[in-house]
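Chemist: My questions will all concern the structure given below.
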């Protein structure tokens, strides 16, 4: 009971602080957000040694990978700073009418962020959800991930220094620690306006359900579960099966298979030994430590269950923490058993052997929502490739040709999301600058005198941003 | 039980048909959607006499108003046709990389539409939800509104003729009749991908809850409840209180007060007789028939409850169907009692008298989500107006200066939505061409060969649409 009351008190204080920042509006000044995002990138970089050492101790992902991830994280902050600077975040749309209507974006309110265990920087405390929410002008409350609490604390301190350096209120960014109760309490708090989450299907769904049951429901942008099917078409398999197997094996073991875009299923026609090739490649990769003992146990349990499943051939050895595994199953069996299409978090991939291209298309049509789907094809695969490219957008957020799904560029053209269960809202992305729209809502101004309009919508265009005026994009002022 | 089974069978057949259209993809050709939207507008116009007569018999809204509403509805179909034609629906965004990433929109899937009683054309069978979903390439299943079943049937037949004329499959557009069970069954069906709704808070929330509980949750875009506060500032009140009272009275009785943007609350400082002025104007407007006996009874009941409420002065007569009413309440009382801030559907407005401008700002800060908020001000009101314009975007989707909230232009800059309870998702609009994004989800193509890309993303830009290439808007082809 004492703990329970303590949780409520802590959450109440954090959310009241965040709400006060939202109402007082210091983040509505784009210059403040710009300064904050840049300062946060600098402060994180200033703590790089400490962050990387600590994250490596907590996640065992390796210093090289973590160095790269930190760079990606600060670059990401810079990308959001750029769209704050150029004004594109505002989506300014002006119709001179009558009626004179001018629409721009407004921050949705305090955002609660739940980071992921597998990316302690890029999808955690200083990650894309935090960056996009701050860029949108929303105060942020992070629940620190319990798998890397010290990393989270160092990152939060760096962002706190940035907040302070640019003269914003402390409650612009806050981080709480705790378990499920703190998380639920944050999502249920009336001052919370939206939630960003990266993690498991069970965790994301629980937060979605809590948010939907509120008296005032709020959106939950949860990036959850994906097996990222890869289709290796007959031409590609014949021409360069070896190279594809090596490339896929590298992708499967990346981050010890603990990537949300990890290729969990490889679909081929008449596998002609491709599964054995891939299995041999995977068996050659050394085992590595996984993020947590719980994740390692889950992974080994999942591999063992596949060993015990009738109709599934395990082509690699006994389950072992962080040791890549490969299994082979016929397409009929795969189509019949939804359990085989559930995500296994770790370096496992399942080869699905189809009898012919039409069965491959039937398999393609059966997948639930995915972050990515990949096609390896050659000139000989033209017809089946065209058929596949018509089916895959039905379930996937990103289609990759001739390349691995791991690696998600921070680009204005990126989409990292997909229909459920890949995410709770396939219309949203959690990577790339388009992620900002999750935390913005439009406000239209009708007939409002110029001097009372936000600068983004004033005739003179004092910020010099690109606006759509009567249907045409322009940075010109409006002369009336 | 027989009825129950019948409902399931009917819904199953409709949704399976819609899903087949989604998978077969005939609507993914923009030319087909363009032809359909234009043909639907023409067919509705061809049935105008029948539609208006029937709608008038069913809704008693009057032929002039209904004639105007039908024109608005066909114009709306034309506006969506225009954004299909110019390609802006696709939001094509290309980064030449590496990686080469190209993102465009993809239809979300079959959309179920629930129309409103108060706009039998513009927010019902042939209304904005249907138009935006078809423009997005989503097959549509409408549940006909039980308050105007014959109007709905004539409109559906007109759209059916359009579907047939342009050679699209019958299941591109379907309409079912029935009550709550059919509606729930439609929302729960696994092939339903999104829901559009306009109506009551209770109805919208029930559908939202049903959609959130699904194994695969889907978005519900429900436009529900709004009291559309109007702030008449001291300068405007002193300079032209009479004119403002007349203008507001006209707005309150428009459509017998059955508009979602009906001004239900008027906030003034030291009312100086303004409430009496407005009440006198309203008492002068003749009573008119309301949409249904149920709506009339609810309205009279709500007026009577206000008469019986301590601290509320009713300035007009006894409750009567469709007779405008005006009540006066002090700001302290209004701030204390959330019941006074609930929507009354009908020609009622409540004047809230504040003691000073700072109390007016406190009242402004207390409103829940609204479709609109309006300010009448003059040069003398500069300071309080600036304060107000900083607060109102926190709860409203559209701010109007010196004009009534009723009347919602179909414009690219329109926003018709607002935080809950105005809608289930304040980030979405149900009027204006931006409404299309509710039914689209992004798909990114990475490294896909040009000939396998959708036309919208191919180097040559064969459709000649505007695209954002490496950050710049252009219709030029990409030369590699």
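Chains as they are written, first to last, in the working numbering: chain G, 471 to 950; chain P, 471 to 950.
Each residue gets a CB set at the ideal place from its N, CA and C atoms; glycine is no exception.
Here the structure is a predicted model, which is why all the values come from computation and not from measurement.
If you draw a straight line from the C-alpha of residue 569 of chain G to the C-alpha of residue 932 of chain P, how long is it?
Modeler: The count along the first chain starts at 1 and reaches residue 569 of chain G at position 99. The count along the second chain starts at 1 and reaches residue 932 of chain P at position 462. The alpha-carbon atoms of residue 569 of chain G and residue 932 of chain P are separated by roughly 35 Å.
Chemist: Note down, in chain order, every chain P residue with its Cβ under 7 Å from the Cβ of residue 647 of chain G.
Modeler: Counting from one through the first chain, the residue named residue 647 of chain G turns up at place 177. Neighbours of residue 647 of chain G on chain P: none; closest Cβ ~29 Å, over 7 Å.
Chemist: Anything in the segment 876–894 of chain G with a Cβ closer than 9 Å to a Cβ of chain P? List those residues in chain order, please.
Modeler: 877, 879, 881, 882, 883, 884, 885, 886, 887, 888, 889, 890, 891, 894
Chemist: Rounded to a whole number of angstroms, what is the C-alpha to C-alpha distance between residue 471 of chain P and residue 483 of chain P?
Modeler: What you label residue 471 of chain P is simply residue 1 of the second chain in a count that begins at 1. What you label residue 483 of chain P is simply residue 13 of the second chain in a count that begins at 1. Interpretation of residue 471 of chain P is limited by its pLDDT of 45, a score under 50 that renders its predicted location unreliable; no figure is taken from the coordinates.
Chemist: Between residue 520 of chain G and residue 644 of chain G, what straight-line distance do the alpha-carbon atoms span, to the nearest angstrom?
Modeler: Within the first chain, the letter at position 50 stands for residue 520 of chain G. Within the first chain, the letter at position 174 stands for residue 644 of chain G. Cα to Cα, residue 520 of chain G sits roughly 20 Å from residue 644 of chain G.
Chemist: Below 8 Å between beta carbons is the criterion; list the residues of the segment 695–715 of chain P that meet it against any residue of chain G, in chain order.
Modeler: Within the segment 695–715 of chain P, no residue qualifies.
Chemist: Any beta carbon of chain G sitting closer than 8 Å to that of residue 827 of chain P?
Modeler: Position 357 of the second chain, counted from the first residue, corresponds to residue 827 of chain P. Not closer than 8 Å to any Cβ of chain G, the Cβ of residue 827 of chain P fails to qualify, so no.
Chemist: What is the C-beta distance between residue 751 of chain G and residue 716 of chain G, in whole angstroms, given that I count them as a contact (C-beta under 8 Å)?
Modeler: Counting from one through the first chain, the residue named residue 751 of chain G turns up at place 281. Counting from one through the first chain, the residue named residue 716 of chain G turns up at place 246. Correct: roughly 6 Å between the Cβ atoms.
Chemist: In chain order, what residues of the same chain lie with their CB nearer than 8 Å to the CB of residue 477 of chain P, ignoring the 5 residues before and after it?
Modeler: The residue labelled residue 477 of chain P in the question sits at position 7 within the second chain. Hits under 8 Å: 648, 651, 652, 655.
Chemist: Please list the segments of the alpha helix (DSSP H) lying wholly inside the segment 649–696 of chain P, counting only runs of 4 or more residues, in order along the chain.
Modeler: 650–658, 671–683
Chemist: From residue 696 of chain P to residue 867 of chain P, what distance separates their C-alpha atoms?
Modeler: Taking the first residue of the second chain as position 1, residue 696 of chain P is located at position 226. Taking the first residue of the second chain as position 1, residue 867 of chain P is located at position 397. Residue 696 of chain P and residue 867 of chain P: Cα-Cα distance of roughly 11 Å.
Chemist: Using a C-beta cutoff of 8 Å, does residue 896 of chain P count as contacting chain G?
Modeler: Here the question's residue 896 of chain P lines up with position 426 in the second chain. So, interface residue.
Chemist: By a C-beta neighbour count over all protein chains shown, 10 Å radius and 16 as the cutoff for buried, is residue 613 of chain P buried or exposed?
Modeler: Indexing the second chain from 1 puts residue 613 of chain P at position 143. Buried, because 16 or more other Cβ atoms sit within 10 Å of the Cβ of residue 613 of chain P.
Chemist: Out of G:686, G:687, G:845, state which residue places its alpha-carbon closest to the alpha-carbon of residue 705 of chain G.
Modeler: Here residue 705 of chain G is taken as the residue at index 235 of the first chain, counted from 1. Selected option, being the one with the closest Cα: G:845.
Chemist: Return the residue from the list P:783, P:823, P:887 that minimises the CA-CA distance to residue 801 of chain P.
Modeler: Position 331 of the second chain, counted from the first residue, corresponds to residue 801 of chain P. The option with the nearest alpha carbon to residue 801 of chain P is P:823.
Chemist: Between the segment 853–865 of chain P and the segment 716–729 of chain P, do at least 3 Cβ pairs fall closer than 8 Å?
Modeler: no
Chemist: Over what stretch of residues does the beta strand (DSSP E) that includes residue 581 of chain G continue unbroken?
Modeler: Here residue 581 of chain G refers to the residue found at position 111 of the first chain. First-last of the beta strand (DSSP E) with residue 581 of chain G: 581–584.
Chemist: Determine whether the beta carbon atoms of residue 694 of chain P and residue 891 of chain P lie at a separation below 8 Å.
Modeler: Taking the second chain and counting its residues from 1, the one referred to as residue 694 of chain P is at position 224. Taking the second chain and counting its residues from 1, the one referred to as residue 891 of chain P is at position 421. A contact, by the Cβ cut-off of 8 Å.
Chemist: Compute the distance between the beta-carbons of residue 564 of chain P and residue 922 of chain P, then report whether it is under 8 Å.
Modeler: Taking the first residue of the second chain as position 1, residue 564 of chain P is located at position 94. Taking the first residue of the second chain as position 1, residue 922 of chain P is located at position 452. The beta carbons of residue 564 of chain P and residue 922 of chain P sit no closer together than 8 Å.
Chemist: Mind pulling the chain P residues with CB within less than 7 Å of residue 899 of chain G?
Modeler: Position 429 of the first chain holds residue 899 of chain G. 912, listed in chain order.
Chemist: Does any residue of chain G have a CB that is nearer than 8 Å to the CB of residue 471 of chain P?
Modeler: By 1-based counting over the second chain, the position of residue 471 of chain P is 1. Its pLDDT being 45, under 50, residue 471 of chain P is placed unreliably in this model, and the value from its coordinates should be taken loosely. Taking a beta-carbon distance threshold of 8 Å, residue 471 of chain P does not count as an interface residue toward chain G.
Chemist: Assign residue 951 of chain G to buried or exposed, taking buried as 16 or more other Cβ atoms, counted over all protein chains shown, within 10 Å of its Cβ.
Modeler: Any question about residue 951 of chain G goes unanswered here, given that chain G covers just 471 to 950.
Chemist: Below 6 Å CB to CB, which residues in the same chain sit around residue 509 of chain P once its five sequence neighbours on both sides are set aside?
Modeler: Working through the second chain from its first residue, we reach residue 509 of chain P at position 39. Once the five neighbours on either side are set aside, the close Cβ partners of residue 509 of chain P are 632, 635, 636.
Chemist: Determine, for residue 569 of chain P, whether the minimum Cβ-Cβ distance to residues of chain G falls below 8 Å.
Modeler: Residue mapping note: residue 569 of chain P aligns to position 99 of the second chain, counting from 1. Closer than 8 Å: yes.
Chemist: Could you name the residues that DSSP lists as bridge partners for residue 613 of chain G?
Modeler: Taking the first chain and counting its residues from 1, the one referred to as residue 613 of chain G is at position 143. DSSP lists G:584, G:646 as partners of residue 613 of chain G.
Chemist: List, from N- to C-terminal side, the beta strand (DSSP E) runs of 3 residues or more that fit wholly inside the segment 841–924 of chain P.
Modeler: 866–871, 910–916
Chemist: Assuming contact is defined by CB atoms lying nearer than 8 Å, are residue 616 of chain P and residue 528 of chain P in contact in what I supplied?
Modeler: Taking the first residue of the second chain as 1, we reach residue 616 of chain P at position 146. Taking the first residue of the second chain as 1, we reach residue 528 of chain P at position 58. Going by C-beta atoms, residue 616 of chain P is not nearer than 8 Å to residue 528 of chain P.
Chemist: Examine chain P for any beta-carbon lying closer than 8 Å to the beta-carbon of residue 915 of chain G, and answer yes or no.
Modeler: Locating residue 915 of chain G in the first chain gives position 445, counting from the first residue. By this cut-off, residue 915 of chain G is an interface position.
Chemist: Would you report the Cα separation of residue 814 of chain P and residue 593 of chain P, rounded to the nearest angstrom?
Modeler: Indexing the second chain from 1 puts residue 814 of chain P at position 344. Indexing the second chain from 1 puts residue 593 of chain P at position 123. When rounded, the distance between both Cα atoms is 19 Å.
Chemist: Would you verify that the beta carbon of residue 485 of chain G is, or is not, closer than 8 Å to some beta carbon of chain P?
Modeler: Within the first chain, numbered from 1, the residue matching residue 485 of chain G stands at position 15. Cβ-Cβ to chain P under 8 Å: no for residue 485 of chain G.
Chemist: Are residue 699 of chain P and residue 737 of chain P closer than 8 Å when you measure CB to CB?
Modeler: Walking along the second chain from the start, residue 699 of chain P turns up at place 229. Walking along the second chain from the start, residue 737 of chain P turns up at place 267. Yes, these two residues count as a Cβ contact at 8 Å.
Chemist: Nearest to residue 734 of chain P by alpha carbon, out of P:576, P:935, P:840, P:621?
Modeler: Within the second chain, numbered from 1, the residue matching residue 734 of chain P stands at position 264. The shortest Cα separation from residue 734 of chain P among P:576, P:935, P:840, P:621 belongs to P:840.
Chemist: Looking only at its own chain, which residues have a Cβ that is under 6 Å from the Cβ of residue 488 of chain P, when we skip the five neighbours before and after it?
Modeler: In the second chain, counting from the first residue as 1, residue 488 of chain P sits at position 18. Excluding residues within five positions, the ones whose Cβ falls inside 6 Å are 580, 609, 611, 641.
Chemist: Helix, strand or coil for residue 936 of chain P per DSSP?
Modeler: What you label residue 936 of chain P is simply residue 466 of the second chain in a count that begins at 1. In this structure, residue 936 of chain P counts as coil in the three-state DSSP scheme.
Chemist: Quick test of your reading: residue 739 of chain P and residue 798 of chain P, contact by CB under 8 Å. State the CB separation rounded to the nearest angstrom.
Modeler: Indexing the second chain from 1 puts residue 739 of chain P at position 269. Indexing the second chain from 1 puts residue 798 of chain P at position 328. With 8 Å as the limit, residue 739 of chain P and residue 798 of chain P do not qualify as a contact, their Cβ atoms being about 14 Å apart.
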